[in-house]
Amino acid sequence: EIVGFEAFVKNKVKGSDTSIIEISNIPEGSLEGPKKSTTVIQLMNKDSFDEIDIDPYGHPEEYVNASLLSESKDDLELGPVSAMRDLETIEIGIKGMSCAACVANVENHVKKIDGIAEIKVALVAAKAMVKFEPDVTTPSKIADAINSLGYKTTILDSNAGSLLELYISNVSDMDSDVILNIINHIHGINQAKYIGNSRLDIFFDPHEVGPRDILATIRDDGYHVALASSTERGQDEQIDDYKRSFYGSLLFTVPVVVISMILPMIPAMETFLRYTLVPGLELEAFLLWSLTTVVQFWFGWRFYVNAANAVRHGAANMDVLVSLGTTSAYLYSLISLVLGMWKTYKGDEGADEMEEANRDAHFFETSATLITFILLGKYLESSARAKTAGAINALMDLQAPTALLCPDAKGEEDVNNSNNVEEIDLRLVALGDTLKVLPGARIPVDGVVVRGKSQVDESMLTGESMPVAKMEGSRLIGSTVNGHGVMFMRATHVGSETALAQIVKLVEDAQTSKAPIQATADVIAKWFVPAVVLIAILTWTVWFSVVFAGKTPPHYLLHSGVADEFVFAFKFGVAVLVISCPCALGLATPTAVMVATGVGAKLGILIKGGEALEMGQNVTQVIFDKTGTLTVGKPSITEFR
Numbered sequence: 085e086i087v088g089f090e091a092f093v094k095n096k097v098k099g100s101d102t103s104i105i106e107i108s109n110i111p112e113g114s115l116e117g118p119k120k121s122t123t124v125i126q127l128m129n130k131d132s133f134d135e136i137d138i139d140p141y142g143h144p145e146e147y148v149n150a151s152l153l154s155e156s157k158d159d160l161e162l163g164p165v166s167a168m169r170d171l172e173t174i175e176i177g178i179k180g181m182s183c184a185a186c187v188a189n190v191e192n193h194v195k196k197i198d199g200i201a202e203i204k205v206a207l208v209a210a211k212a213m214v215k216f217e218p219d220v221t222t223p224s225k226i227a228d229a230i231n232s233l234g235y236k237t238t239i240l241d242s243n244a245g246s247l248l249e250l251y252i253s254n255v256s257d258m259d260s261d262v263i264l265n266i267i268n269h270i271h272g273i274n275q276a277k278y279i280g281n282s283r284l285d286i287f288f289d290p291h292e293v294g295p296r297d298i299l300a301t302i303r304d305d306g307y308h309v310a311l312a313s314s315t316e317r318g319q320d321e322q323i324d325d326y327k328r329s330f331y332g333s334l335l336f337t338v339p340v341v342v343i344s345m346i347l348p349m350i351p352a353m354e355t356f357l358r359y360t361l362v363p364g365l366e367l368e369a370f371l372l373w374s375l376t377t378v379v380q381f382w383f384g385w386r387f388y389v390n391a392a393n394a395v396r397h398g399a400a401n402m403d404v405l406v407s408l409g410t411t412s413a414y415l416y417s418l419i420s421l422v423l424g425m426w427k428t429y430k431g432d433e434g435a436d437e438m439e440e441a442n443r444d445a446h447f448f449e450t451s452a453t454l455i456t457f458i459l460l461g462k463y464l465e466s467s468a469r470a471k472t473a474g475a476i477n478a479l480m481d482l483q484a485p486t487a488l489l490c491p492d493a494k495g496e497e498d499v500n501n502s503n504n505v506e507e508i509d510l511r512l513v514a515l516g517d518t519l520k521v522l523p524g525a526r527i528p529v530d531g532v533v534v535r536g537k538s539q540v541d542e543s544m545l546t547g548e549s550m551p552v553a554k555m556e557g558s559r560l561i562g563s564t565v566n567g568h569g570v571m572f573m574r575a576t577h578v579g580s581e582t583a584l585a586q587i588v589k590l591v592e593d594a595q596t597s598k599a600p601i602q603a604t605a606d607v608i609a610k611w612f613v614p615a616v617v618l619i620a621i622l623t624w625t626v627w628f629s630v631v632f633a634g635k636t637p638p639h640y641l642l643h644s645g646v647a648d649e650f651v652f653a654f655k656f657g658v659a660v661l662v663i664s665c666p667c668a669l670g671l672a673t674p675t676a677v678m679v680a681t682g683v684g685a686k687l688g689i690l691i692k693g694g695e696a697l698e699m700g701q702n703v704t705q706v707i708f709d710k711t712g713t714l715t716v717g718k719p720s721i722t723e724f725r
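If you're matching positions, the sequence shown starts at 85 in our numbering and goes up one per residue.
#1: Nearest by alpha-carbon distance to G306: which of V340, R574 and V262 is it?
#2: How should L464 be labelled, buried or exposed, when 16 other C-beta atoms within 10 angstroms of its C-beta is the threshold for buried?
#3: If you draw a straight line from the alpha carbon of S466 to that of A493, how long is it in whole angstroms?
#4: Mind checking which residues open and close the alpha helix (DSSP H) that includes Q602?
#5: Have a look at Y388 and M181 and give me their C-alpha separation to the nearest angstrom.
#6: What does a CB cutoff of less than 7 Å around Y326 pick up in its chain, not counting 5 residues either side in sequence?
#7: Could you round the C-beta distance between S417 and F448 to whole angstroms and report it? I think they count as a contact, below 8 Å.
#8: Secondary structure at Q705, three-state DSSP: helix, strand or coil?
#9: Straight-line CA distance for G569 to A696?
#10: Going by C-alpha to C-alpha distance, which of K692, I663 and G694 sits closest to D403?
#11: Residue ranges of each beta strand (DSSP E) run of no fewer than 3 residues wholly in the region 533-596, ordered along the chain?
#12: Under a Cβ-count criterion, where at least 16 other Cβ atoms within 10 Å of its own Cβ denotes burial, should K430 be classed as buried or exposed?
#13: By DSSP's criteria, S246 is part of a beta bridge. Which residues make up the other side?
#14: Where DSSP assigns a beta bridge to D530, which residues make up the other side?
#15: For T486, report the span of its beta strand (DSSP E) as first-last.
#16: Using 7 Å as the threshold, is the C-beta distance between I302 and V309 below it?
#17: Under a Cβ-count criterion, where at least 16 other Cβ atoms within 10 Å of its own Cβ denotes burial, should E727 be classed as buried or exposed?
#18: So which of I419, G694, A394 and L367 has the shortest CA-CA distance to T355?
#19: Taking Cβ positions, are V540 and T564 nearer each other than 7 Å?
#20: Sorted by chain position, which residues of the same chain lie with C-beta nearer than 7 Å to L545's C-beta, five sequence neighbours on each side aside?
#21: To the nearest angstrom, how far is it from the Cα of F572 to the Cα of Q595?
#22: Under 7 Å Cβ to Cβ from A413, same chain only, skipping five residues before and after it: list those, please.
#23: Identify whether D481 lies in helix, strand or coil by the three-state DSSP scheme.
#24: Would you mind reading off the limits of the beta strand (DSSP E) that contains Y416?
#25: Just how far apart, CA to CA, sit K598 and W373?
#26: Taking its Cβ as the centre, do 16 or more other Cβ atoms sit within 10 Å of G717, making it buried, or is it exposed?
#27: Considering Cα atoms alone, identify which of A653, I174 and A620 is closest to V631.
#28: Per the contact definition of three or more C-beta pairs closer than 8 Å, is the region 605-618 in contact with the region 183-202?
#29: Give me the Cβ distance between V578 and A514, rounded to the nearest whole Å; I'm assuming they're in contact under 8 Å.
#30: Along the chain, where does the beta strand (DSSP E) that runs through Y278 open and close?
#31: Apply the 10 Å Cβ neighbour rule to G694 and answer buried if 16 or more other Cβ atoms are within range, or exposed otherwise.
#32: Could you pull the start and end residues of the alpha helix (DSSP H) that A212 belongs to?
#33: Is the separation between the beta-carbon of P223 and that of I174 shorter than 7 Å?
#34: Start and end of the beta strand (DSSP E) containing K236?
#35: For I691, name the three-state secondary structure that DSSP assigns.
#36: What residues are listed by DSSP as bridge partners for V362?
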């Protein structure tokens, strides 16, 4: 408050059923501050806690009076202000979400866990931000709950300190307990996880231990360890997964399309495809069934798994629609084929007519092509998501990949006398390290100049093109560009504590935030799938009635026969299922927020979130406090003589 900022005190109140609670601020004249104001809230159930602003000007709690205004005499529990600090926040990466229905499914399921205060799921960023009470639940329990829905999770624990990703060669999964035991005995280690494939995630306190010390300890025990490439993870894995699935499905779908739609147009090939393998089963039908079955239950199996998990938890998403549509087409085709074979085998009257009708009654190509096109869409979607995150990558590219370490420099005299310089990976820089900065090089981390002087281009952070003079004692900002001089610096902030890392974190938070309009899309998406299923059933019923009532023109039906008339109506219902996808509802707004915040970050404009972006359309005037420094980005003639 002294420096001009507003301070807030938040608290929790607990009351009985429908208790009315009055929280009054400081009475007028008791302290320097506002006049008495009142906040009234209503608790709808006795076990619920509501978070409120006790005093928007940050005055001490002892000046807050609480009283029950209802007729009930139930006691009021007013928790201490520090109770709000008991909440911890974690980020969890989630793979496999496809639409807004998936987001709602995850949020609703996690909210049922005891100790969860808040959860926000970002579809495009594929992550969730969860606030929870550590005494009640744990991050692993939250991740397990999301895993039970059929999604793959990764705990991105922002409260666990700096992250060090390592690769240990020649180590099996059975040795993981031994390695983790070694690491956990290192002072300053907050958490260590073995994630398989010789990969380790280590969270540590940079004020207690350095990354080089961790590597040295593991190597002293005889293990070969190296820094893992962070580019090996993330959305690239999902893109590659959908890419492989799409091309694999395409390999089987192309022959299906050729056999069902192209070859029958060639007389010689049509005769070949009509060859009878067994009574009632022709070669064409057998080939279509064989190829489609691979696509349906191998490459399309992921849709069945996701749909089953969604239905099991009382939800419905895109996978439910895909499974219903493709399975309906596949099963009907298979049943028609089997019935035709059975009637032919039994020699029932009309078997020949039935075989002729069933020749075109199956449509295996429908389910195969649908699954292939959906996999193509998922592949393109995941690629587009990765591109929208390009702003984060562009910011991270501002970092220097390496730093020049002076390993012998422990004090100012050592800096003056040390000529030993070692180039190390930026991720291995520890607090207190002495680093050498060459002319024209990027400053590796935040720190203080201990020897030398130069001028630094800080336009990356401030936007000012004028170099800033630096001398002994001056503060340096990581990723800014050194001028003509040579400097030695001491690292004061590394990893996630640097200024650039904080800017990246701000952009990430903005990209994972939800715009207010997204709430409307989430509500629609919640009922979208059930509504589509209902419309599909209604569509099939109407067409089925019209066809059998003889109200359709003759040219609408290519063949006469009951089976084909049924197929004619059935295809309309399937079409409604497969073309109606809730993905657009869930992706439109968050993608717009992600792209806008990313473009803004590239242009030096930091947008705090979706709400600020949505409110920005109402801005009519902007006031700048840097008079004389604003330009249009290009020179212009101001005077000609």
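Think of the CB as a built atom: it goes at the ideal place given N, C-alpha and C, for glycine as much as any other residue. Note that the structure is predicted; figures quoted are calculated from it, not measured.
So, from the data block:
#1: Of the candidates V340, R574 and V262, the one whose C-alpha sits nearest the C-alpha of G306 is V262.
#2: With fewer than 16 other Cβ atoms within 10 Å, it is exposed.
#3: Going by the C-alpha atoms only, they are around 48 Å apart.
#4: First-last of the alpha helix (DSSP H) with Q602: P600 to F632.
#5: About 14 Å.
#6: The beta carbon of Y326 is closer than 7 Å to those of L459, K462, Y463 and S466 in its chain, skipping five residues each way along the sequence.
#7: Correct: roughly 5 Å between the Cβ atoms.
#8: Here Q705 sits in coil by DSSP.
#9: C-alpha separation (whole angstroms): 42 Å.
#10: When C-alpha distances from D403 are compared across K692, I663 and G694, the shortest belongs to I663.
#11: Under the rule that a run must span 3 or more residues, the beta strand (DSSP E) segments found entirely inside the region 533-596 read 538-541, 552-554 and 571-577.
#12: Exposed: under 16 other Cβ atoms inside 10 Å.
#13: In DSSP, S246 forms a bridge with F288.
#14: Under DSSP, D530 shares a beta bridge with H577.
#15: Residue range T486 to L489 is occupied by the beta strand (DSSP E) that includes T486.
#16: Contact flag set, yes.
#17: With the chain represented from 85 up to 725, any question about residue 727 goes unanswered, as that position is not in the structure.
#18: Nearest C-alpha to T355: L367.
#19: Contact: yes.
#20: Result list for L545: I561, T564 and A583, in chain order.
#21: Their backbone Cα atoms lie some 37 Å apart in a straight line.
#22: If we look at A413 and ignore the five residues flanking it on each side, its Cβ neighbours are F447, T450, S451 and V658.
#23: Coil at D481, not helix or strand.
#24: Counting along the chain, Y416 falls outside any beta strand (DSSP E), though it belongs to the alpha helix (DSSP H) covering M402 to K430.
#25: About 45 Å.
#26: Exposed, because fewer than 16 other Cβ atoms sit within 10 Å of the Cβ of G717.
#27: Per the Cα distances, A653.
#28: The region 183-202 makes contact with the region 605-618, as at least three CB pairs between them are under 8 Å.
#29: Taking 8 Å as the upper bound for CB-CB distance, V578 and A514 are in contact here, some 7 Å apart.
#30: Residues I273 to G280.
#31: By the neighbour-count definition (other C-beta atoms within 10 Å, threshold 16), G694 is a buried residue.
#32: If you look at A212, you'll find it isn't in any alpha helix (DSSP H); it sits in the beta strand (DSSP E) that goes K211 to F216.
#33: It is a contact, given that the beta carbons lie within the stated cut-off.
#34: K236 to L240 is the span of the beta strand (DSSP E), which, as asked, contains K236.
#35: Coil, per DSSP.
#36: Note: V362 sits in a beta bridge opposite L365.
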